Amino acid sequence: MHPFPAVNSRAPFIWHGGDYNPEQWPRDIWDQDISLMQESHFRVPTVGVFSWVSLQPEEERFTFEWLDTILDKLANSGRLICLATPTAAQPAWMSQRYPDVLRSDDKGIRNHHGRRGNYCPTSPTYRRFAVQIAERMAERYAKHPALLIWHVCNEYGGACYCSQCATEFRNWLQKRYSSLDDLNQKWWTPFWGHTYTDWSQIEPPYANGERAIHALTLDYKRFQSDMLLQCFQLERDAIRKFSPDIPITTNMMGTYPGLDYRKWAKEVDVISWDCYPAPKDHPSDIAFLHDLNRGLRDNQPFLLMEQTPSSQNWQAVNALKRPGILRLWSYLAVAHGADAVMYFQWRRGRGGCEKMHGAVVEHSGRADTRVFREVSQLGAELEHLKDRTIGGVTHSRVAMLFDWDNWWAIEDTVGPVRDKQYIQTLRQHYAALWKQHVSVDIVFSDSDISTYDVLIAPMLYMLKPGVAERIEAFVSKGGSFIATYFTGYVNEYDLANENGYPGPLSHVLGIWNEEIDALYPEQSNKIVMNDGSGKYVCNHLCEIIHCEGATPLATYATDFYAGSPVVTRNSFGRGNAYYIASRPEQSFLDAFYAPILAEHHIAPTLTVPAGVEIAQRETAQGTVLFLLNHATDAVQIPLQSKKRFLNLLNDQTVQDTITLTQYDVAILTAIDDEKNQGAKGQ
Amino acid sequence: MHPFPAVNSRAPFIWHGGDYNPEQWPRDIWDQDISLMQESHFRVPTVGVFSWVSLQPEEERFTFEWLDTILDKLANSGRLICLATPTAAQPAWMSQRYPDVLRSDDKGIRNHHGRRGNYCPTSPTYRRFAVQIAERMAERYAKHPALLIWHVCNEYGGACYCSQCATEFRNWLQKRYSSLDDLNQKWWTPFWGHTYTDWSQIEPPYANGERAIHALTLDYKRFQSDMLLQCFQLERDAIRKFSPDIPITTNMMGTYPGLDYRKWAKEVDVISWDCYPAPKDHPSDIAFLHDLNRGLRDNQPFLLMEQTPSSQNWQAVNALKRPGILRLWSYLAVAHGADAVMYFQWRRGRGGCEKMHGAVVEHSGRADTRVFREVSQLGAELEHLKDRTIGGVTHSRVAMLFDWDNWWAIEDTVGPVRDKQYIQTLRQHYAALWKQHVSVDIVFSDSDISTYDVLIAPMLYMLKPGVAERIEAFVSKGGSFIATYFTGYVNEYDLANENGYPGPLSHVLGIWNEEIDALYPEQSNKIVMNDGSGKYVCNHLCEIIHCEGATPLATYATDFYAGSPVVTRNSFGRGNAYYIASRPEQSFLDAFYAPILAEHHIAPTLTVPAGVEIAQRETAQGTVLFLLNHATDAVQIPLQSKKRFLNLLNDQTVQDTITLTQYDVAILTAIDDEKNQGAKGQ
Amino acid sequence: MHPFPAVNSRAPFIWHGGDYNPEQWPRDIWDQDISLMQESHFRVPTVGVFSWVSLQPEEERFTFEWLDTILDKLANSGRLICLATPTAAQPAWMSQRYPDVLRSDDKGIRNHHGRRGNYCPTSPTYRRFAVQIAERMAERYAKHPALLIWHVCNEYGGACYCSQCATEFRNWLQKRYSSLDDLNQKWWTPFWGHTYTDWSQIEPPYANGERAIHALTLDYKRFQSDMLLQCFQLERDAIRKFSPDIPITTNMMGTYPGLDYRKWAKEVDVISWDCYPAPKDHPSDIAFLHDLNRGLRDNQPFLLMEQTPSSQNWQAVNALKRPGILRLWSYLAVAHGADAVMYFQWRRGRGGCEKMHGAVVEHSGRADTRVFREVSQLGAELEHLKDRTIGGVTHSRVAMLFDWDNWWAIEDTVGPVRDKQYIQTLRQHYAALWKQHVSVDIVFSDSDISTYDVLIAPMLYMLKPGVAERIEAFVSKGGSFIATYFTGYVNEYDLANENGYPGPLSHVLGIWNEEIDALYPEQSNKIVMNDGSGKYVCNHLCEIIHCEGATPLATYATDFYAGSPVVTRNSFGRGNAYYIASRPEQSFLDAFYAPILAEHHIAPTLTVPAGVEIAQRETAQGTVLFLLNHATDAVQIPLQSKKRFLNLLNDQTVQDTITLTQYDVAILTAIDDEKNQGAKGQ
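Chains as they are written, first to last, in UniProt numbering: chain A, 1 to 682; chain B, 1 to 682; chain C, 1 to 682.
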C-alpha cells in the first residue's frame, strides 16, 4: 500500500472549508464573508449546493452571473472552490410543469413539491434537467482558476415508489434474472402463493402491497441504490466531458442504510462524507465511521465534507460540541484518513428548517465567538501542517467486514427478535479493538482479505458467492477469523442455506447451529470460559450450536442449553476460526481479542493509557503518529526510548514522554523523517 | 352431554400433522419429506394452503397434476390429508386483471397486490373465483382415499373499506333495520347532527370519516365478519356438493378481535384453531383459549390445527419452546378438548417472511434436532393413545361468558379509561378457577346457561336481548352469578340503558351503579372485606355503587367513596348474584371464588399441588384424567385411595401416588374403565 | 379600568346552564328535563349546537318547528336561551352533494363525511349554507323573549389542505406581501433552492410536501386561523342583521394551538370558553387559562361556556371531579372573571362517542346523584349571589405575555431540542406568582403594557414590530421586565435577527446570547446565586450569555460554561430587565419573584396559607374578595383587623378570621360596600 497523491495536486494540504450559500444573502454580506473566511483560514468554500433555482429560474433561462461574481471574489481572496451541482432540490417550476419528477411514497402516492431529495431517480425529466445543469456548470467553470473539486448533488438517498420506478424495476430485474422462473425460484415466490406468471405483475414492495417476499424488498433496495447511482453517473459523465482533470465526488453519509456505498465508491474519484455523530457517541463509533469511509476505496484517503462546528439541529437533543472537541474530532478524522476538514455550514441562514444548525458564523455575525475562535485556530493549525499528512495510508492487520446487502437482509428478517442491532454489533467489536489501540480496516464482501491477520465478520447473515471460499483460504493460510451468531443463514437472494447454518462457513467454523433462542431485554445468560478465566453476561440471542470439529472455549451457564458451547475455535489449516454464539457484554470482547492479537504479534506502536487513541499514517515522507486524548484528564504518554519526535502541530521536539491535556492532540514524526518532510512541505 | 364421535370415523385417533407446502420445494425433497414424516409419526399433512397460483396459474388454466402426485405419494405412505382450499391469497394475475378483488384500507384507498388476506370479502370476482377453485378441488379430490377433512381458506380476518363493501353494507343494514328512521334512532345519530336522510349517505367508518357513531362502527364489524363468513359458506357449499361426507372446517385464531366466531361456529362441522401464545403466557391463558374453542360448538371437541413446534417469528421476542413444553402444551390442548395436535409447519421455507418461523424440519433438513426428536416422540405417544381420548367431553359446572359484540362495544367506548382490558379481565377470573383446579366452560350470550352452578360474566358491558332474563332464571334456581364493573351499560346497539347501570341486571344484582371513577396507573384503592377476612388492592376503575337489595361484602378503603360497597351479594330466589365494582388484584379473586365453589360442592377429583393442572374428559369408554405438571420441579400427586389407574401414555399401572417430573404429563383411567377401553381401542 | 355591564342586561347574574340537545330525545323526556332544570337552577340551556340536520334535513327544507316548541317550553319555565348556530357539523346530504365542503388532510387527501369540524373553511358552499342557516335562525328567533346570547358554531379549529384552501392561501399571501420577491426574501426561500418563481407554485405545507420553509408553515397557520375567523364573521354579520342587540360569541378552547384567539377576540362581543383541565392539573394551571381568557378582550369578563360536572371522556384516564371540586373550580372561574358557569352537558346521550362524558343528568335519569346535588347546590348559590360579582374587573400589576405566533414559531423550530415546552414554561412562571397570591394579567404582543409594574415574557422567541420598543419604554419608566432563554431569536416572519439574540431586546436586557446548549433529560446544571442565597437545579436548555451592560445575579455551577452568567439584571432607565438563561426548577422562580414584587410593593390583600387562592374583582358596588381553599385540610385565614365582611355565599358576617374547610370558598365584601350592594342587587 503506497501513499496516495493529494486529491488535487494544486492543493496538497488539508482542505479547510465547507458549505457556503451566498445566494441566500445580500451582496453586502459577501464581502464580510470573505473577510471572515480569511480570518478563520476557511480556504475551501463549497458553493452551489441547492442553488438550482438560483441558476435556472425558468426552464429556458439561466442566471450564472451571480455565481460568476462570487466565484471570482472567492478566487481573488485566495479561496479554492468545491463546486456543487445543485440537483438535490429541483426548482418549483419543474415539479409544477413536470410532476413526474416528484417522488412517490411507499404506497405509491405522489409527493407534493418541497423539502429536498424529493425527485424521482428514474424520472427521465429529472435526469435530463440534472444533466443539463451539470453540463452547463462544467462548461462554464471547468477552467475556473479556483476550481478544486466537483461535488455532485448532495447526500443522495431515499426511495421512490412511482410507476416509472416500477417499470424500470422490471427492466432491472429482467437483466438480473435469466427468466421469470429463475426469479420465482430465487425469490421463493410459491410461499403464500406469490408466484408471478408475468413480469408485469411485479410491483415495488409497497407498504400497502407486497412486503412478504424479502428477496423483492432486497432487490428493490439494490435497484433504488442503482438508480440514484445512475443519476450520479449521468452528472459525472456530463461534467467529465468539459472538466476531465478535476476530481468528482458526492458526499456520503456513513452507515446510511439506503445506498450500497461500496458499489458507489467505484464511481467517484474520491470518497467524501458528512460526519454527524450523536452527541453521546463514543470516539470509537466515530473512528469506525471514518475507517468505513477509508475502506470504501481500499484505503484511499477521503474528504470530511461536512461536520458541524458546534451543534446539530435535527437530533432530539442537540448538545454543543464541548471546547476542544471540534479540534479533537477533526484530527480524529485526519488520523483515520481524512485529507479535508470541512463544515456544514459557513453562515447560519436566517430562515428555513436549518436555521438552528451550527455554523462557523452564527446569526450574530460576530467573530468573537467561541466557535469562530476554535474554527480559526484549527484552520491556522491545519495550514501549518501543510502536506505533511496528505495521502498518508493506514496499515492495518485487522479487518472487519461490513456489507449493505447483509444489513438489508438482516433488517428485513422477521424473527427471532425485531431489533437486530447489526450496526451496534459492529461498533461493539470495533470498540474492543479500539480500546486495545489497534487499527482496523473496514472491508467488504468483495474486498481482498488476504493481506490481513485477523478478520472479524459480525453477523454475516448473508454470504455472497465466493466469500466462504475466500475466508477458508484466509484461515488456512494462518489467519484468525471471528464470526458471531446470525452468521451464514442466507445466500445473496436471502434464501436460507439448504444445509442450515452457518452454511458455507460450516466447514471452516467447524460448528452446526441447530437453534436460536431469543431473550427478553430483562433476560440474560452467561458465557463461562472453559479455562476458568471468567464469566461474562450475554443476552439478546443465544444460538445452540454443536461442535463438528471445533473446540468449545466457553459454554452457557444456564437454561436448557447450559453446558453447550457458546464460544468455539476451529483450527483450520494454519489458522483458527472462532464463533461467538450469543451477544456478549463488552468486557468479553475486550478479553477475547487480546490473545488473538498477541498471537499475531499485533500491538500498538506505543503503550498509551485508556482514552488515548493512537493512529498512524504512512506518507511519502514517513510515518506520522497521531495521539488523541479523548479523556478529560491530562495524560502522560511514554514515547519510544531514545527517539526524538517533532510535534507537527507546534513544531516542538518531544522525547521520552509527551503530556496531553484534556482533548489535546499531538501529531508526531520521528525527527529524521521530519527533516525531509519539513523540506518538502514548503 | 354425551361423548362425540371422531371427526372422521376413518381416523379415530389424535391427528398429528400440520401445514405442508410441497409446491415450494423441488420433487427430490418430497421423498425426503415423506420419509421424515414417517419417522416422526407426522400423519396428517395439511396441503393446499396458499397454493392458488400453483393450481391455477392463469384464469383459464388449472394445474392439479402436481397435487395429484403428492397426494398419492402421501396416501401411499400412509398419510391422511387435511386438504385446504388455497383462497387466502389470490394469484397476482387476478389482482392485476380484476383490481376489485383487492382490499381497501380504512381510508378507502385500495391496497396493492401482495401479502395475504388481501382480498375484498364482498368482491363478486373474488367470490366467483374462490367458489370455482373450491369446486374444482372438491370435484377432483372428493373421492381421494386419503382425504380426511376440508380446510377452507386460511385464518379469515381483516376488514375492507372499499366502495363495494360500502354498497353491500347498506344492503346489509336495510335488512337489519326496519327503516332509516329506525336506524337513526338506534344509532343515536342526532348526536353531532349525524342523522342520515338517505340510505346512500351511510359509509363505512373510515379513519378519515365517521368514527363518532359507535353503533355504525359496531355494525360494520358485524358486517365484515358476516361477509367473510359468506365467503366461507360459499366455498363450503361448493365443496359439499361433491363431498357431502367429509367434514369441513376453517382455522380460527382464538380471541381474534375481527370475527364473531360464535356465529361462525354454527357453520363449520368442527372447530379448528391456531394456537400461538406469547412465550410468556401462563398455562391458564392457553387453557382459557382452548376452552373458548371447545365452547364455540357447545363442548364439541376441536382440532388444534396449528402450533409452532419451536419458536414463532412475528413476536417482538420469539423465545424457543423449552424442552418438554411442546409435549406439555400439546396435552394441555388434548386435556381441554383437542382431538388433533398439528403444527405450522412441516418444513421451513427457504425464503419469504416466515422463513424464521419454527418447523418440524429446520433449514438444515436434519432429523437429529431437538425439535424433530420432540415431535417424533410426541407423535409416537399420540399414536399409542389410539382412540382412548377421542370425542371425550368435559363436564364443567362453572361457566364464563364471553361475547365478541361486547368486546367490540367495550373497545369503541371513549372513556372512562382508554385501555379497557376486557380479555385480561377474562383471563384473570379464569386464572382464579384454574388455580383451584376447577374446569370452566366458556359460554356466549346465546348459550344455554341453565346447566351450570356458577356463571361468571366479567365486564358484560353489552346485554343482548334475553340475557338478563336468563341470568335471573339461572340465579333464581340456585345459581351463583358473578358480575364486575362495566356491566350492563348498553344494549345490543351500544345505546346506554335508559335507567342507568347495570340496566336489566339491576334487579338480580340488587345494586345501582351511580358513578365510575378512573385511576391513573400509579393509583389504587383497597377492597376491605366486611367479615375481616382481608384487604386487597384494586385499581383501574372504581364504580361507586349503591345496594338496592344487595348486601355489601366489602367496602372501599380510601378516597371520597371510602366505606361504600365494592363487593356485593344479592340473594335472589334460591341463588346469589355477586358484583365486584373495581379491578381487584389476583389474590382477591382466588379468595373470592373458594367459598362460592365450596357452597356448590365444586372440587377437583384430586387434590393436586399448585402448578399442576387437572382435567377430565368423559369418553364412551369412561373417564380420562389428565395431570399436567407446569412446574419445573417434580411433584408427587396422591391418587384416590384403593383405586388403580392405568397411565395411557406408558401403560404403567399407578396407585396411591404418581410422580411427575418437570413438564411431565399423565393420562389416567381407572383400571376397570381401561379394560374396556383397551379392548375397544384396538 | 371600570367594571363592565352584564353581558346581557336582561340577565345580570351568573349564568348557570349548559349544552342541551333536545333533538336527541323523545318529547316525553323534554318535560322531565325542564322539571329537573328547574330543580337544579339550570337557567341557561345552550340549544342548537350540532342541530343542522335537524333544522335542515334537505337542502330546500327547513324544520324549525321542534325548536320553536322547545324554546317556548324552556322560556315558559323561566329559562333563558343561549342559542347556537349548528354549523360545526354539516348534514350528510351536504357532504354528499357538495364534496367541496369536506376537509382535506395534510397530504391533500379529502376526508370522508363524518365526525365534526370536518368542513373546509374556505369552501364557498359551506360558507353559503352556514350563512343561510344562521340568517334563518336569526330571522326566526331574534325576537324570542328568552334569547340571551348567540353562540356561533362550536369550538372552531383544525385545518384543511384542499385545493380551494391552496388558492385562497395564495390570494391571502398576495395581500400580505408586496411582491413575490418580497415573499421570497421574507420566507428565506433560497434556502434549499425553494425560491418561488410564480405565485401558483405556492402550496400549503403538505406533510408530503413543503415543510422546510418555516415562514410558510407559520403563514399557513395564520391563514387557516383567518379563514375560520371569516366563517365566524360571516355568520355573525348574518345574525347581526336581524338581531342587532343580542351579544354574539363563539366558544374557545384556552391554549388551543390552532387559532390566534387574540385576533378572534376583537370580533366577538364577549369571550366564552370551554374549560377541560386534565384531572391532575394544578389550580394555578386552570387560573392561568381563565386569566388568558380574561386578557383576550383586555380584562372584560368572560363566560365559562363548558366544563364537565363530573368526568371527561377523551383523556387517557378520566377521573371524577372529587366532591366539592365542581363548586371550587366554578368559583375559581368567577374569581378570575367569569360571569357564567355552564356545563357540557345537560343530559348524557345514549349513543355516540361522548356517551361516557359527564353530564348533569346521567344515563339513569335520576336526580338523587352526587353530581346532580352538587350542581343544584351550586346553582342555588349562584342564584343567591345575584349581580354582586357581575362585571367585576381585576386590577393586576403583573402581566405575562403570551402570543400564538410566537408559540407556532417555537413549535416549528428544528433544534436545539424537540420538545420546546412553551406552555409549560408559561405555567411555571404563572405558578410562582400564584403561590405568592399575586394577580396576573395575560397580555399579548399588541397589548398596552404601560399600566403594569412587572412584565414577564417567557420564551418570547419571536419579537413582532414595536414590541421591543414598548418593552424598553416600559422598563425605562420603572417597570421590571423578565425574559428567559429562547427570547428574541426571530422576527414576525420567523427570520433570525441579524445581530443575533436577544435581537431588539439586547439593549434593554444588556446581554448577548452567544450559544445555546441542549441537555439530555437526565442531565442538569445548577444556578448559583451570586449573593450566596442559594443553588437551584436547571436543565433542558442552557444559554451561554455575556453581560453587555447587565449585572450577573447568578452563574452556572458546572460544565465548560461554569461561572458564566445564567441570571442577569440590567438597570435601564428607572427600571430593571432580568434574563434567566436556563430552565430553572420551580423553587428558583418562587425565590426569584419575591424581591421583585416587594420592590414594587405588590402584595396580596390578605396573608393566606399555601393552597389558598385569593382574588379580587372590582364591581360597580365595590371590591369583592374571593378566598378559595384548594387544600384538603381546613384553614384559618386572618382578615384585615377591625373590618367586618359579609360572605356573599351564605350572608354571614365574618370578622378577624374565617375558616374554610376542604375545597371551601368564601366571597367577601366589606360590610359598608355590602350595604350598597345588597340594596342594588335586588
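From the three backbone atoms N, C-alpha and C, an ideal C-beta is built for every residue, glycine too. Note that the coordinates shown come from a computational prediction; the quantities given were computed from them, not determined experimentally.
Counting C-beta atoms within 10 angstroms of its own C-beta, residue 151 of chain B has 16 or more neighbours from the protein chains shown and is therefore classed as buried. In the DSSP assignment, residue 526 of chain C forms a beta bridge with C:537. Residue 301 of chain B places its beta carbon less than 9 Å from that of residue 390 of chain B.
Taking a Cβ-Cβ cut-off of 8 Å, the neighbours of residue 24 of chain B in chain A comprise 188, 190, 191, given in sequence order. According to the DSSP assignment, residue 345 of chain B belongs to no alpha helix (DSSP H), since it is labelled neither H nor E. Put simply, the CB of residue 100 of chain B is far from chain A, with every gap to its CB atoms at 9 Å or more. The Cβ atoms of residue 329 of chain B and residue 307 of chain B sit closer than 9 Å to each other. In terms of CA proximity to residue 415 of chain C, A:357 leads the group A:439, A:507, A:357. Judged by their CB atoms, residue 162 of chain A and residue 218 of chain A are not nearer to each other than the 9 Å cut-off. Considering only C:224, C:471, C:80, the residue with the shortest C-alpha distance to residue 148 of chain C is C:80.
Buried is the label assigned to residue 503 of chain B, since at least 16 other Cβ atoms lie within 10 Å of its Cβ. The three-state reading of DSSP puts residue 613 of chain A in strand, counting E and B together.
Residue 642 of chain B and residue 11 of chain B have their C-alpha atoms spaced approximately 36 Å apart.
Distance from the Cα of residue 613 of chain C is smallest, within the candidate group C:601, C:581, C:635, C:386, for C:635. A check of alpha carbon separations from residue 209 of chain C across A:95, A:268, A:8, A:560 identifies A:95 as the nearest.
Within its own chain, the residues whose Cβ lies closer than 6 Å to the Cβ of residue 125 of chain A, once the five positions on either side in sequence are excluded, are 98, 100, 101, listed in chain order. DSSP places residue 382 of chain C in the uninterrupted alpha helix (DSSP H) bounded by 370-385. Within chain B, no C-beta atom comes less than 9 Å from the C-beta of residue 169 of chain A; the nearest is roughly 13 Å away. Here residue 60 of chain C is exposed: its Cβ has fewer than 16 other Cβ atoms, across all protein chains shown, within 10 Å. Neighbourhood of residue 362 of chain C in chain B, by CB distance below 7 Å: 500, in chain order. Between the alpha carbons of residue 180 of chain C and residue 450 of chain C lies a distance of about 38 Å. Residue 297 of chain A and residue 112 of chain C have their C-alpha atoms some 54 Å from each other.
Per DSSP, the continuous beta strand (DSSP E) segment holding residue 646 of chain C begins and ends at 644-647. Going by DSSP, residue 188 of chain B is part of no beta strand (DSSP E) at all; its letter is neither H nor E. When rounded, the separation of the alpha-carbon atoms in residue 202 of chain C and residue 228 of chain A is 28 Å. Among the CB atoms of chain C, one or more fall inside 9 Å of the CB of residue 214 of chain B. The Cβ-Cβ distance between residue 605 of chain C and residue 655 of chain C does not fall below 9 Å. Of the residues B:167, B:319, B:326, B:339, the one whose Cα lies closest to the Cα of residue 304 of chain B is B:339.
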